[in-house]
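Chemist:
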Amino acid sequence: MDSAIQTLRNTFPPPQVLVPTHSLYTLLNKSYHAGQQADHRPAAIFLPRGRQDVVRFMRLMKPFFVQGDITLAIRNAGQQLTANCANIHNGITMDLCLLTGIRFRAHDNIVMIGAGERWGLVYEVLAGGLSLLSPREGFACDNVVNFEIVLPCGTTVHANANHRRDLFLALRGGGNNFGVVTRFDMRTFPQGPLYGGCLYYDLGEMPGQVEKLVRFLKDPVAGNAGDVDVDVRMGLTYAKKWDGVLGRNEVWYTKHVEEGEEDVVERGLEGCPFVEVKSRMSVLKMVSLSEAAQVKVDDVEGQRRCTTMNTTVKAHAPTLLAACTTFLNSSNTMDHIPGLYFSLTLQPYPVGMLHKSSLLGGNSLGLKPADGPLVGIILVAYWDDANHDEEVLRAMKWVLGKVEDEAADRRTGFPLKLMNYAGEFQDPIASYGPHNRWKLGEVSRKWDAEGVFQKLVPGGFKLLT
Numbered sequence: 023m024d025s026a027i028q029t030l031r032n033t034f035p036p037p038q039v040l041v042p043t044h045s046l047y048t049l050l051n052k053s054y055h056a057g058q059q060a061d062h063r064p065a066a067i068f069l070p071r072g073r074q075d076v077v078r079f080m081r082l083m084k085p086f087f088v089q090g091d092i093t094l095a096i097r098n099a100g101q102q103l104t105a106n107c108a109n110i111h112n113g114i115t116m117d118l119c120l121l122t123g124i125r126f127r128a129h130d131n132i133v134m135i136g137a138g139e140r141w142g143l144v145y146e147v148l149a150g151g152l153s154l155l156s157p158r159e160g161f162a163c164d165n166v167v168n169f170e171i172v173l174p175c176g177t178t179v180h181a182n183a184n185h186r187r188d189l190f191l192a193l194r195g196g197g198n199n200f201g202v203v204t205r206f207d208m209r210t211f212p213q214g215p216l217y218g219g220c221l222y223y224d225l226g227e228m229p230g231q232v233e234k235l236v237r238f239l240k241d242p243v244a245g246n247a248g249d250v251d252v253d254v255r256m257g258l259t260y261a262k263k264w265d266g267v268l269g270r271n272e273v274w275y276t277k278h279v280e281e282g283e284e285d286v287v288e289r290g291l292e293g294c295p296f297v298e299v300k301s302r303m304s305v306l307k308m309v310s311l312s313e314a315a316q317v318k319v320d321d322v323e324g325q326r327r328c329t330t331m332n333t334t335v336k337a338h339a340p341t342l343l344a345a346c347t348t349f350l351n352s353s354n355t356m357d358h359i360p361g362l363y364f365s366l367t368l369q370p371y372p373v374g375m376l377h378k379s380s381l382l383g384g385n386s387l388g389l390k391p392a393d394g395p396l397v398g399i400i401l402v403a404y405w406d407d408a409n410h411d412e413e414v415l416r417a418m419k420w421v422l423g424k425v426e427d428e429a430a431d432r433r434t435g436f437p438l439k440l441m442n443y444a445g446e447f448q449d450p451i452a453s454y455g456p457h458n459r460w461k462l463g464e465v466s467r468k469w470d471a472e473g474v475f476q477k478l479v480p481g482g483f484k485l486l487t
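Count the sequence shown with this note's numbering and you get residues 23 to 487, in order.
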């Protein structure tokens, strides 16, 4: 490891190779969203200033990779919570924060985005990705038309529908298994202001809201393809400061209108069953897309301990209500944990969204329109003290296990585990199905023959274990 770091220090100027004694090292290492990531102490942090620096790094480190002398983590705009993914103890963390830049290509409506842009897009894209526009536009990864990627050998290639299509499809959902993505080119579409936000309500309203969600998803028009301009997710939230649990709906009306027609958007949620609920707190307003992306549903500030996990079920009201009951029973046993925020979110995957995904060329997730409608069940927890890490994780795994057992009993379970929210003990790539997993493994063997990103980039979810 010392020889590898010295090689980097001999090649790049001091501000790009940071060791633990450097003040910027400490600042960067404390800037992670989750406290567990900041617990790691890499032997060095490398800050490439552009794609060519990534190329030089990979070529310089190749002898050390071959000998198994170093391990690597890659930090980009998203921060996956699995160990060693965005930061690594006693290894080298490559931080892409300087690989910024957004350039619009007007002749074909494509935007080119540097991998260091700090708006959460990068990991969302690599792992599939959901947004409030997903019902209309599909998963985030479906909207990438080209990946610029530095392969383990140090060669830069572009992967798209016409060139290196196997790698292109693998990068749409396959995680950090193939190289260092330095730029994304994405399709764009017109989008005016949005109307919506969050509503919090008493638990007595929850059964009716869940039943309305299932009816909405199974409606042959609204849920399948017609009402793609309404994005909804709902759930339960426990916050220590509330001393209890509230129901929560996040609802957005996303139809694009021209300037001067904003009142059409504001009226878009009139009669919507997910806003016609007796709420204790409600924040519905007209916002731009960038403002909507910054809405903090979790109401969590600063760096905290954090973990997530998820499963998927069919859109079936008794299954979803049973999941809510299980969550409530668990949250009652965790109320002694300082600073606890614990949520269960029901994330719909409408048939129309799955259909849009297939129209845009597909991805690695293995989903078909005939699979839907589906609902992701996502658990998220934040808390203050590392001493409670094991207790929180144990409680969350109990909730998830019981939810999956009850879904299995009802024959309403579905294998998908969304990588964005998967726990370390889960295997999202296996949930894509054996054929898709095999294809991803073949792509890895083709483009990373020495297995650098399987063995020496240990974080994330690996293909060849």
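All residues carry an ideal CB built from backbone N, CA and C; glycine is no exception. Just so you know, these numbers come straight off a predicted model, no measurement behind them.
Only counting the same chain, and skipping five residues up and downstream in sequence, which positions put a Cβ closer than 7 Å to that of residue 83?
Modeler: What you label residue 83 is simply residue 61 of the sequence shown in a count that begins at 1. So the qualifying residues of the chain are 26, 92.
Chemist: Assign residue 225 to buried or exposed, taking buried as 16 or more other Cβ atoms, counted over all protein chains shown, within 10 Å of its Cβ.
Modeler: In the sequence shown, residue 225 corresponds to position 203, counting from 1. Exposed is the call here.
Chemist: Quick one: what's residue 255 bridged to in DSSP?
Modeler: The residue you call residue 255 lines up with position 233 of the sequence shown. Paired residues: 272.
Chemist: Smallest Cα separation from residue 134: which of 76, 210, 161?
Modeler: Start at 1 with the first residue of the sequence shown, and residue 134 comes out as number 112. Checking every option, the nearest Cα to that of residue 134 belongs to 210.
Chemist: Where does residue 108 land, buried or exposed, given buried means 16+ other C-beta within 10 angstroms?
Modeler: Numbered from 1 along the sequence shown, position 86 holds the residue referred to as residue 108. Residue 108 should be labelled buried.
Chemist: Helix, strand or coil: how does DSSP classify residue 260 here?
Modeler: Looking up residue 260 in the sequence shown gives position 238. In the structure shown, residue 260 sits in a strand (DSSP, three-state: E or B).
Chemist: Could you pull out every residue in the same chain whose Cβ sits closer than 7 Å to the Cβ of residue 192, ignoring the five residues on either side in sequence?
Modeler: One-based indexing of the sequence shown puts residue 192 at position 170. Result list for residue 192: 200, 386, 462, 465, in chain order.
Chemist: Using only alpha-carbon positions, find the residue among 468, 472, 161 that is nearest to residue 379.
Modeler: To locate residue 379, count along the sequence shown from 1; it is residue 357. Per the Cα distances, 161.
Chemist: What separation, rounded to the nearest whole angstrom, lies between the Cα atoms of residue 375 and residue 264?
Modeler: Along the sequence shown, one-based indexing puts residue 375 at 353. Along the sequence shown, one-based indexing puts residue 264 at 242. Approximately 35 Å between the Cα atoms of the pair.
Chemist: Which residues mark the beginning and the end of the alpha helix (DSSP H) in which residue 329 is found?
Modeler: In the sequence shown, residue 329 corresponds to position 307, counting from 1. Taken as a continuous stretch (DSSP letters only), residue 329 belongs to no alpha helix (DSSP H), being part of the beta strand (DSSP E) at 327-336.
Chemist: CA-CA distance, residue 80 and residue 182?
Modeler: In the sequence shown, counting from the first residue as 1, residue 80 sits at position 58. In the sequence shown, counting from the first residue as 1, residue 182 sits at position 160. Computed Cα separation, rounded: 22 Å.
Chemist: At what residues does the beta strand (DSSP E) containing residue 310 begin and finish?
Modeler: Within the sequence shown, residue 310 is the residue found at index 288, counting from 1. Element bounds for residue 310: n/a, residue is neither H nor E.
Chemist: Keeping to the same chain, check which residues put their C-beta closer than 6 Å to that of residue 123; ignore five residues upstream and five downstream.
Modeler: Within the sequence shown, residue 123 is the residue found at index 101, counting from 1. Hits under 6 Å: 136.
Chemist: Just to confirm, are residue 440 and residue 398 a CB contact at a threshold of 9 Å?
Modeler: In the sequence shown, the residue the question calls residue 440 occupies position 418. In the sequence shown, the residue the question calls residue 398 occupies position 376. Yes; because the gap between Cβ atoms is below 9 Å, this pair is in contact.
Chemist: How is the beta strand (DSSP E) around residue 182 delimited, first residue to last?
Modeler: By one-based count along the sequence shown, residue 182 stands at place 160. Element bounds for residue 182: 178-182.
Chemist: Mapping DSSP to helix, strand and coil, what is residue 170?
Modeler: Looking up residue 170 in the sequence shown gives position 148. Three-state result, residue 170: strand.
Chemist: Alpha carbon to alpha carbon, how far is residue 206 from residue 300?
Modeler: One-based indexing of the sequence shown puts residue 206 at position 184. One-based indexing of the sequence shown puts residue 300 at position 278. About 43 Å.
Chemist: If I'm right that residue 197 touches residue 482 with Cβ under 8 Å, what's the distance once you round it to whole angstroms?
Modeler: Within the sequence shown, the letter at position 175 stands for residue 197. Within the sequence shown, the letter at position 460 stands for residue 482. That belief holds up - the Cβ atoms of residue 197 and residue 482 are roughly 5 Å apart, short of 8 Å.
Chemist: Exposed or buried, residue 412, counting other C-beta atoms within 10 Å across all chains shown (16 or more means buried)?
Modeler: In the sequence shown, the residue the question calls residue 412 occupies position 390. It is exposed - the Cβ of residue 412 has fewer than 16 other Cβ atoms within 10 Å.
Chemist: Applying the criterion that 16 or more other CB atoms from any shown protein chain within 10 Å of the CB defines a buried residue, is residue 57 buried or exposed?
Modeler: Sequence index remark: in the sequence shown, residue 57 carries index 35 (1-based). Classification of residue 57: buried, given that the 10 Å Cβ count is 16 or more.
Chemist: Would you mind reading off the limits of the beta strand (DSSP E) that contains residue 402?
Modeler: In the sequence shown, residue 402 corresponds to position 380, counting from 1. Looking at the DSSP string, the run of the beta strand (DSSP E) that includes residue 402 is 396-405.
Chemist: Quick check for students: name the residue ranges of the alpha helix (DSSP H) that lie wholly in the region 340-394, counting only runs of 4 or more.
Modeler: Taking only runs of at least 4 residues, the alpha helix (DSSP H) segments lying wholly in the region 340-394 are 373-381.
Chemist: Nearer than 8 Å: is that true of the beta carbon of residue 54 relative to any heavy atom of the ligand ATP?
Modeler: Annotation note on the ligand ATP: not contained in the displayed structure, which lists no ligands.
Chemist: How long is the line joining the alpha carbons of residue 69 and residue 474, rounded to whole angstroms?
Modeler: Taking the first residue of the sequence shown as 1, we reach residue 69 at position 47. Taking the first residue of the sequence shown as 1, we reach residue 474 at position 452. C-alpha separation (whole angstroms): 20 Å.
Chemist: If we ignore side chains and look at the alpha-carbon of each, how far apart do residue 437 and residue 98 end up?
Modeler: Position 415 of the sequence shown, counted from the first residue, corresponds to residue 437. Position 76 of the sequence shown, counted from the first residue, corresponds to residue 98. Approximately 28 Å, taken between the alpha carbons.
Chemist: Rounded to whole angstroms, what is the Cα-Cα separation between residue 467 and residue 262?
Modeler: Here residue 467 is taken as the residue at index 445 of the sequence shown, counted from 1. Here residue 262 is taken as the residue at index 240 of the sequence shown, counted from 1. Between residue 467 and residue 262, the C-alpha separation is close to 48 Å.
Chemist: For residue 25, does the three-state DSSP call read helix, strand or coil?
Modeler: In the sequence shown, the residue the question calls residue 25 occupies position 3. Correct three-state label for residue 25: helix.
Chemist: When the distance is taken between beta carbons, is residue 330 closer than 9 Å to residue 400?
Modeler: The count along the sequence shown starts at 1 and reaches residue 400 at position 378. The count along the sequence shown starts at 1 and reaches residue 330 at position 308. Yes, Cβ-Cβ distance for residue 400 and residue 330 is below 9 Å.
Chemist: In the DSSP assignment, what are the bridge partners of residue 202?
Modeler: Indexing the sequence shown from 1 puts residue 202 at position 180. Answer is 172, bridged to residue 202.
Chemist: Within the region 35-113, note down every full alpha helix (DSSP H) run reaching 4 residues or more, in order along the chain.
Modeler: Here the runs fully enclosed are 45-51, 57-60, 73-89.
Chemist: The alpha helix (DSSP H) spanning residue 421 covers which residue range?
Modeler: Position 399 of the sequence shown holds residue 421. Here the alpha helix (DSSP H) through residue 421 covers 411-432.
Chemist: Grouping DSSP H, G and I as helix and E and B as strand, with all else coil, what is residue 195?
Modeler: As a working mapping, residue 195 is identified with position 173 in the sequence shown. Residue 195: coil per DSSP, three-state reduction.
Chemist: Given this structure, state the Cα-to-Cα distance separating residue 240 from residue 429, to the nearest angstrom.
Modeler: Locating residue 240 in the sequence shown gives position 218, where the first residue counts as 1. Locating residue 429 in the sequence shown gives position 407, where the first residue counts as 1. Taking the straight line joining both Cα atoms gives about 18 Å.
Chemist: What's the call for residue 486, buried or exposed, on a 16-neighbour Cβ count within 10 Å?
Modeler: Residue mapping note: residue 486 aligns to position 464 of the sequence shown, counting from 1. It is exposed - the Cβ of residue 486 has fewer than 16 other Cβ atoms within 10 Å.
Chemist: Among 95, 366, 202, 427, whose alpha-carbon lies nearest the alpha-carbon of residue 74?
Modeler: Within the sequence shown, residue 74 is the residue found at index 52, counting from 1. Among 95, 366, 202, 427, the Cα nearest to that of residue 74 belongs to 202.
Chemist: Are residue 341 and residue 432 touching if we call contact CB-CB under 9 Å?
Modeler: The residue labelled residue 341 in the question sits at position 319 within the sequence shown. The residue labelled residue 432 in the question sits at position 410 within the sequence shown. Yes, the Cβ-Cβ distance between residue 341 and residue 432 is below 9 Å.
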